[in-house]
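Enquirer: Numbering of the sequence shown is given in numbering that gives the first Met the number 0, commencing with residue 0 and proceeding in unit increments. Every residue gets a Cβ at the ideal spot worked out from N, C-alpha and C, and that includes glycine.
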Amino acid sequence: MTMTAYASGNDGHNSAYGDSSNASGAGSSNSAYGNTANASGTDSNGDGQASSNTATGDGANASGNDSANNAYGQDSNATGNVSANIAIGQNAFSSSNTSVNIAIGSSSNAAGTFSNNIAIGSVSDASGGTSSNIATGPGSNATGSLSQNVATGRSANASGSNSANVATGRSANASGTASTNIAEGFFATASGNNSANIASGTTASASGNMSANVATGFGASASGDNSDNVASGTSANASGVNSDNVATGNAANASGSGSANVASGLGANASGVNTHNTAVGASSVASGTDATALGYQANATGTSAVALGTGSIANGTNAAALGQGSNASGNAATALDSSNLADGDNTTVVGTNNSVTGDNSGAFGTGNTVNGDGSYAIGDPNVLNGNNSFVFGDNNNVNAANVAGNGDNIQVVGSNSNVAGTANSSGSSVFGTGATVDGTNAVAIGTSTTVSGNNGIAIGNGATTGANGIATGVSANAGGTNSTNAAYGNNANASGNDSFNTASGVDSKATGPNSSNTATGREANASGGFSFNTADGALANASGGSSSNTAIGREANASGGNSNNTATGNATNASGDSSYNTATGVGSNASGDISSNLASGHDANASGDTSNNVASGFLANASGTNSSNIASGNQAKAGGNNSNNIASGTVANAGGNTSRNIANGFDANASGNNSANTASGNQAKASGDNSNNIASGTNANASGTDSNNVATGSAANASGNLSHNVATGEDANASGALSGNIATGLLSNASGTASDNVAIGRDANASGGGSDNTATGLLANASGTGSLNVASGANANAGGDGSKNIATGGNSNASGNTSSNVATGELANASGATSSNVATGERANASGATSSNVATGDSANASGATSSNVATGELANASGAGSSNIAMGNQAIASGDGTTNMAIGQGATASGNSIAIGTGAGAVGPGDVAVGQGAQVLADNGSAYGAGAIVGAGHTNAAAFGAGATTTQANQQTFGTASNTYTMSGITSGASKTVQGAPSHLVTSNAGGDLAAHTFAELGLVTQGDISNFATQGDLNAVNARLNALSGRTDKALSGVAMAFAMAGVPELTPGERFALMGNWGTFEGENGLAMNAAMRLAKNVQLNGGVAWGLNENLAGGRVGVRVGW
């Protein structure tokens, strides 16, 4: 029965279709389709128009004001004001105001205000305010406010406020507040607040707050707060708080807080807290800190351990096992390649099937076994049992019996060697194949070598040695009891008991008991008992008992008993018993018994018994019995018995028996029996029997029998029998028999028979038979027969037979036969036959025959024949024949023939047998005496004493005493001036004169007024009586005696000059010094003086200085003192 549908509403267009259906609402266009369907609402079209809710199906309900809700299906329900909710399906429910929620499916639910939630599937639920949640699938659930959660799949759940969680798959669950978790797969779970966890796979689980954990695979799990853990694979697990662990592979596990562990592979496990362990490979394990395991069942346990390869194990800090089945157990242990065992700290194994047990050890290769600390085996396969040992090669056995200590410190390089098979071989080294070593510290190098004793060395194929022996080379042999023999080279043989013999070279041989013979070179031979012979070179031979002979060079020979002969060079020979002969150079020969001959150079020869001859140079020859001759230079020759001759230079020759001649230079020649002549220089020649002549310089010649002549300089000549002449300088000549002449300087000449002349300077000449003349200076000349003349200075001349003239100074002249004249100074002249004139000073002149004149000072003049005049001072003049005039002082003049005048003082003049003493003093007549500055005597027999005292002209026999005293008439005695007083009672009385008698003394006074009486002779003055008596020969003799005394005073004056020179150096006080001493030496004209000067600081700017001097030649003393004030 059909019931009536009901459609109602004012101003509406409602429609109801079906039994008991209802469509109602004012101003609406509601439609109800189906039994009991209800579509109701006022103005429910959502835009201010009438509603247009639609309910289709039995019991369907679509209601809401201002809405366009649609309910399709039995008992479906779509409600809400201002909404467009859609419910499709039996009991589907879509509700909430201001929403567009959609529920599709039986009992599905989509609800939430201000939402666009979608639920598709039976019993699905998408709900939450202000959300866009989507649930797709039977029983799926997507809920949460302010969310965009998506649940896809039967019973899938995506929930959480402020989230965009996604659950895809049956019973998948993605939940969490403020999250974007994704769960994909059957019963997959992704949960956690503020997270982005992803679980992909059946029962996969990714959980943790504030995380981005990812679990991919059946039963995979990634968990931990604040983490980014990743688990990929069936039952894979990546867990840990604050971690970045990654587990990839079925049942893989990467776990630990604060870590970044990685496990990749079936059952791989990387675990640890605060680590970076990595396990890659099925059942691999990485545990500890920063460990890495790569490969099936690889296991890395320990800090920074690495296991790479199937079944590899790295157990220990920094351990590394790289290869299938490799095991590195120990800190820093390394096993590289398959099936290796590295058991020990710092142990390294590289290769296959190697086993190393011990610290700091290693094996490289296949099948090696190493037991011991610090040991290494390299090759296939080796056995090494010992500490600190090394094996390189194949099939080597070191201490195979594994006796403790027998295999320590052994080095083996090569294959098939057996070391320490029967004895302790610690410290030994083997390099080669098939070696057998039984001895400590042994060395075996080569194929099939054998060392059968401690410290033995065998190097070379088939080499054999015993204890302490060395054999190097194919079939080399080093044998002998209690020996340290060494053989180096193919078929080399070093043998002898109690020996240290050494053979080096193919077929070399070193033999002899109790010896240290050495043979080096092909077929070299060193032999002899109790010897130290050495042969070095192909076919070299060193032989002789109790010897130390040495042969170096091809076919070199050094032989002789009890000898130390040495031959160096191809085909050299050094031979002789009880000798020390040495031959060096191709074809050289050094021979002779009981000798020490030395030959050095191509074809050099040094020979002679009981000799020490030396030949050095091409074809050099040094020969002679009982000699020590030396020839040095190509074709040099030194010969002579019982000699010590030396020839040095190409073609040089030194010859002579019982001689010590020396020739040095090209074609130099030194010859003579019983001589010690020396020629040095190209083509120099020194010759003469029983001589010691020396020629030095190109073409120099020194010759003469029984002589000691010396010529030095190019073309210099020193010649003469029974002489010791010396010529020094180019073209210098010193010649003369029975002489000792010396010439020094270019073109200098010293010549004369039975002479000792000396010429020094260019073109200097010293000549004269039976003389000792000396010329020193350019063009200086000292000549004369039987003379001792001396010329010193450029162009100086000292000449005269039988003389001792001396000229010193440029252009000075001292000449005269049978003279002893002396000229000292530039252009000084001292001349005169049979004279002893002395001129000292520039242009000084002392001349006169048979005279003893003395001129001292620049331009001083003392001249006159048969005179003893003395002039001292610049321009001083003492002249006159037969005179003894004395002028002392600058420009002083004492002149007159046959007179004895004396002028002392600057500008003083004395003439006519007078005396003038004082500056400007003058005496002009016989018997006159003027003493005092400016004192003048102008009349005969007058006397003036005192400054300015005057005896006037014509005032004969007058005297003026005192300053300014002046006579006024003849025979007058004037004392002083009107201002003077005198107290001398009775001095002018006749009684006084009677008592006094003849006057013989002169009264003098010192500065203190002390009086004394001196003779005139003591003061160097002459009396009137002296002058009047000169006419007799006796008086002349007396005058000569006085002149000799004056000459002595001159010597003292020269000594004083030397003393003055010595005292010239005044020490200077530097800042900080208060006292200083200085010692000096001075010389002048052959006189010498010593002085000691001192200075002392009295105040800052005041210094006291002084000195004392001693004249060595004249035994004089003097001194000075001074003061210096500066400002």
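Straight-line CA distance for residue 989 to residue 902?
Expert: 33 Å
Enquirer: Find out if the Cβ-Cβ distance for the pair residue 1055, residue 1079 is shorter than 8 Å.
Expert: No.
Enquirer: According to DSSP, simplified to helix, strand and coil, what is residue 617?
Expert: coil
Enquirer: Locate the beta strand (DSSP E) running through residue 508, then write down its first and last residues.
Expert: 508-510
Enquirer: For residue 435, write down the residues that DSSP places opposite it in a beta bridge.
Expert: 417, 449
Enquirer: What are the partner residues of residue 99, as DSSP defines its beta bridges?
Expert: None; residue 99 has no bridge partner.
Enquirer: In terms of alpha-carbon separation, which member of 392, 378, 377, 373 lies closest to residue 386?
Expert: The closest CA to that of residue 386, considering only 392, 378, 377, 373, is found on 373.
Enquirer: According to DSSP, which residues form a beta bridge with residue 1119?
Expert: 1106
Enquirer: According to DSSP, which residues form a beta bridge with residue 444?
Expert: Note: residue 444 sits in a beta bridge opposite 430, 458.
Enquirer: In terms of residue numbering, what span does the alpha helix (DSSP H) encompassing residue 989 cover?
Expert: 989-995
Enquirer: Look at the alpha carbon of residue 501 and the alpha carbon of residue 321, and state the distance between them as a whole number of angstroms.
Expert: 51 Å
Enquirer: Using the beta-carbon count (16 or more within 10 Å), is residue 90 buried or exposed?
Expert: buried
Enquirer: Buried or exposed: which applies to residue 497, given that a residue is buried once 16 or more other Cβ atoms fall within 10 Å of its Cβ?
Expert: exposed
Enquirer: Mind reading off the beta-carbon distance from residue 642 to residue 658? Whole number of angstroms is fine, and I expect it under 8 Å.
Expert: Sure, about 5 Å apart at Cβ, within 8 Å.
Enquirer: According to DSSP, is residue 1012 helix, strand or coil?
Expert: strand
Enquirer: Buried or exposed for residue 1070, please, with buried defined as at least 16 other CB atoms from any protein chain shown within 10 angstroms of its CB.
Expert: exposed
Enquirer: Answer with buried or exposed for residue 994, where buried requires no fewer than 16 other C-beta atoms within 10 angstroms of its C-beta.
Expert: exposed
Enquirer: If you follow the beta strand (DSSP E) that residue 240 is part of, which residue opens it and which one closes it?
Expert: Where residue 240 is concerned, there is no enclosing beta strand (DSSP E), given that its DSSP letter is neither H nor E.
Enquirer: Would you check if the distance between the CB atom of residue 607 and the CB atom of residue 624 is smaller than 8 Å?
Expert: Yes, Cβ-Cβ distance for residue 607 and residue 624 is below 8 Å.
Enquirer: With a threshold of 16 other CB atoms inside 10 Å of the CB of residue 684, please say whether the residue is buried or exposed.
Expert: buried
Enquirer: Relative to the C-alpha of residue 651, which residue among 181, 558, 634 is closest?
Expert: 634
Enquirer: Taking 8 Å as the cut-off, decide whether the C-beta atoms of residue 943 and residue 931 are in contact.
Expert: yes
Enquirer: Rounding to the nearest angstrom, what Cα-Cα distance links residue 718 and residue 755 in this structure?
Expert: 13 Å
Enquirer: Note down, in chain order, each residue of its chain lying with its Cβ closer than 6 Å to the Cβ of residue 262, except the 5 sequence neighbours on either side.
Expert: 246, 251, 252, 253, 268, 269, 278
Enquirer: When the Cα of residue 700 is compared with those of 337, 679, 846, which residue comes out closest?
Expert: With distances taken between Cα atoms, residue 700 lies closest to 679.
Enquirer: How big is the Cα-Cα spacing for residue 929 and residue 858?
Expert: 25 Å
Enquirer: Within a Cβ cutoff of 8 Å, which residues of the same chain sit near residue 1008, ignoring the five residues on either side of it in sequence?
Expert: Note that residue 1008 scores a pLDDT of 49, beneath 50, so its modelled location is shaky and nothing firm can be said.
Enquirer: According to the Cβ coordinates, are residue 168 and residue 155 closer than 8 Å?
Expert: yes
Enquirer: Taking a contact to mean a Cβ-Cβ separation below 8 Å, would you say residue 370 touches residue 356 in this structure?
Expert: yes
Enquirer: Please determine, among 751, 621, 122, 208, the residue with the shortest C-alpha to C-alpha distance to residue 159.
Expert: 208
Enquirer: Using a 10 Å radius around the Cβ and a threshold of 16 neighbouring Cβ atoms, would you call residue 1011 buried or exposed?
Expert: That one is exposed.
Enquirer: Residue 145 to residue 178, Cα distance in whole Å?
Expert: Looking at the backbone, the Cα of residue 145 and that of residue 178 are separated by about 12 Å.
Enquirer: Less than 8 Å between the C-beta atoms of residue 775 and residue 791, yes or no?
Expert: yes
Enquirer: Give me, in chain order, the residues of the same chain whose beta-carbon lies closer than 7 Å to that of residue 1000; leave out the 5 immediate sequence neighbours on both sides.
Expert: 1012, 1013, 1014
Enquirer: Consult DSSP for residue 1057 and reduce its assignment to one of helix, strand or coil.
Expert: helix
Enquirer: Could you tell me which whole alpha helix (DSSP H) segments of length 4 or greater appear in the region 676-719?
Expert: none
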